[in-house]
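This note's numbering puts the first residue of the sequence shown at 88, with every later residue one more than the last. Heads up, the beta-carbon is just placed ideally off N, CA and C, and yes, glycines get one too. No experiment lies behind these values; they were computed from the predicted model shown. First the structure, in the form of structure tokens, and then the observations on it.
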Amino acid sequence: MNASAVERITPPETEPSNHVRRALPPSIGFLVRWGLFALIAIAIVLSLVLGLVQKWLWMRQLNYEGIFWTLLSVQWGLFGVALFVSILYLGINRRFAATNIDMSDGSSFFSRAFRHPADASRTINIEVSSKMLAFAIDAATVVLSLLIALSVSGQWDKYLRFRYGGSFGVADPLFGVDLGFYVFRLPFYEMLQGSITILTIGALAILSLCTLFGMRQSKFTGKITLRDGIARHFIVLLFILVANFGWGFILDHYELVYSTLGVVHGAGYAAAHVTRVALWVMTGASALACVLLAFGFFRPRKKQVVTGIVTYVALYLVGVVALPYLFQTFVVKPN
Numbered sequence: 088m089n090a091s092a093v094e095r096i097t098p099p100e101t102e103p104s105n106h107v108r109r110a111l112p113p114s115i116g117f118l119v120r121w122g123l124f125a126l127i128a129i130a131i132v133l134s135l136v137l138g139l140v141q142k143w144l145w146m147r148q149l150n151y152e153g154i155f156w157t158l159l160s161v162q163w164g165l166f167g168v169a170l171f172v173s174i175l176y177l178g179i180n181r182r183f184a185a186t187n188i189d190m191s192d193g194s195s196f197f198s199r200a201f202r203h204p205a206d207a208s209r210t211i212n213i214e215v216s217s218k219m220l221a222f223a224i225d226a227a228t229v230v231l232s233l234l235i236a237l238s239v240s241g242q243w244d245k246y247l248r249f250r251y252g253g254s255f256g257v258a259d260p261l262f263g264v265d266l267g268f269y270v271f272r273l274p275f276y277e278m279l280q281g282s283i284t285i286l287t288i289g290a291l292a293i294l295s296l297c298t299l300f301g302m303r304q305s306k307f308t309g310k311i312t313l314r315d316g317i318a319r320h321f322i323v324l325l326f327i328l329v330a331n332f333g334w335g336f337i338l339d340h341y342e343l344v345y346s347t348l349g350v351v352h353g354a355g356y357a358a359a360h361v362t363r364v365a366l367w368v369m370t371g372a373s374a375l376a377c378v379l380l381a382f383g384f385f386r387p388r389k390k391q392v393v394t395g396i397v398t399y400v401a402l403y404l405v406g407v408v409a410l411p412y413l414f415q416t417f418v419v420k421p422n
């Protein structure tokens with residue numbers, strides 16, 4: 088049966104032939120589904136509008152109506168920009184991921200038969216077609232983009248601090264950076280870095296699903312063999328992810344002033360002498376990995392890429408996670 092997601096029950100031979108199952112006509116079922124969707128959408132919109140009206144009335148009473156409209160425009164502006172960039176980024180990756188496969192032919196992506204729990208003579212066949220897979224990927228793209236946009240718009244204060252913040256004229260003792268950087272710049276950079284990470288991981292998930300479906304179309308025999316186009320797409324996304332991780336390690340250097348590894352908050356001995364060095368090592372490893380991935384783009388090699396990923400993750404776990412903790416526990420504390 089060529090259906091997107093269908094539960095088909097094979098009746099036993101003893102079932103009466105005059106058994107009739109009544110169902111809603113297609114037109115009524117369509118109206119019911121869209122009616123429920125419309126009610127949910129109206130409820131969400133009303134809750135948002137009523138909340139905004141309440142805030143507007145309160146701030147107008149305080150003569151802060153101009154501030155209300157300014158903040159509202161900033162929030163919706165950030166929401167719109169983040170939503171557009173997210174859908175564009177994920178949509179482009181979705182389009183490139185589907186160039187080597189056909190997701191519109193209605194072929195089966197997942198099909199399995201299960202025994203009916205109440206009657207062993209009956210079976211339940213569950214089938215997910217390629218069209219359903221394409222719809223699920225598109226829906227996940229929209230949902231992830233909405234979540235990212237909501238998250239970014241909810242951090243409007245970080246953008247305003249970044250846009251209008253200044254300096255304090257006082258430098259921190261560890262890096263010699265003005266304290267205004269930690270208050271006005273660093274939070275916004277970290278928000279951008281985190282959003283890029285989530286988007287790239289989402290794009291990798293989309294590419295992985297499309298690649299899995301492509302393997303099923305070509306009668307996958309157990310040996311993973313990627314086409315050059317798909318392999319290069321993976322390498323490009325890994326390049327973006329690793330470069331973004333490298334930027335994150337640079338930002339993590341400045342986060343050491345908030346470190347809780349020692350007895351008090353701030354960069355203690357382990358953070359300043361071990362974690363700091365480990366972060367520089369990871370920054371260099373990220374740069375080296377980007378260079379290797381750039382070379383691998385022209386000559387994709389699965390074994391080298393997998394080895395590089397394992398080495399990179401192991402280096403992070405040992406250098407950034409385990410080593411500072413062990414140094415703090417066995418060297419600093421007993422001193």
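Straight across, the Cα-Cα distance linking asparagine 422 with alanine 372 is about 32 angstroms. Beta-bridge partners assigned by DSSP to alanine 401: none are found.
Only exposed fits lysine 420, as fewer than 16 other CB atoms lie within 10 angstroms of its CB. Counting the other Cβ atoms within 10 Å of the Cβ of aspartate 339 gives 16 or more, which makes it buried.
Secondary structure at aspartate 225: helix, using DSSP grouped into helix, strand and coil. In this chain, the alpha helix (DSSP H) harbouring tyrosine 412 covers 410 to 414.
Under the three-state reduction of DSSP, aspartate 265 is assigned to strand.
Nearest Cα to phenylalanine 222 within the set Cys297, Gln280 and Tyr151: Cys297.
Using a 10 angstroms sphere on the CB of glycine 395, the tally of other CB atoms reaches 16 or more, which defines it as buried. Residue range 152 to 184 is occupied by the alpha helix (DSSP H) that includes leucine 175. Taking a 10 Å sphere around the C-beta of glycine 153, we find fewer than 16 other C-beta atoms and assign the residue as exposed. Closest in C-alpha terms to alanine 185, from the list Leu343, Leu158 and Ala290, comes Ala290. Residue range 243 to 251 is occupied by the alpha helix (DSSP H) that includes arginine 250. In this structure, DSSP gives alanine 258 an extended state, which the three-state scheme calls strand. Note that the segment 133 to 141 does not touch the segment 240 to 254; fewer than 3 beta-carbon pairs, one per stretch, sit closer than 8 angstroms. Leucine 233 carries a helical assignment under DSSP once its states are collapsed to helix, strand and coil.
The C-beta distance from glycine 333 to threonine 284 rounds to 12 angstroms, too long to fall under 8 angstroms, and the pair is not in contact. A residue is called buried once 16 or more other Cβ atoms fall within 10 Å of its Cβ, and isoleucine 293 is buried on that count. Around histidine 320, the same chain offers Phe183, Ala184 and Leu294 as residues with beta carbons nearer than 7 angstroms, after the five sequence neighbours per side are excluded.
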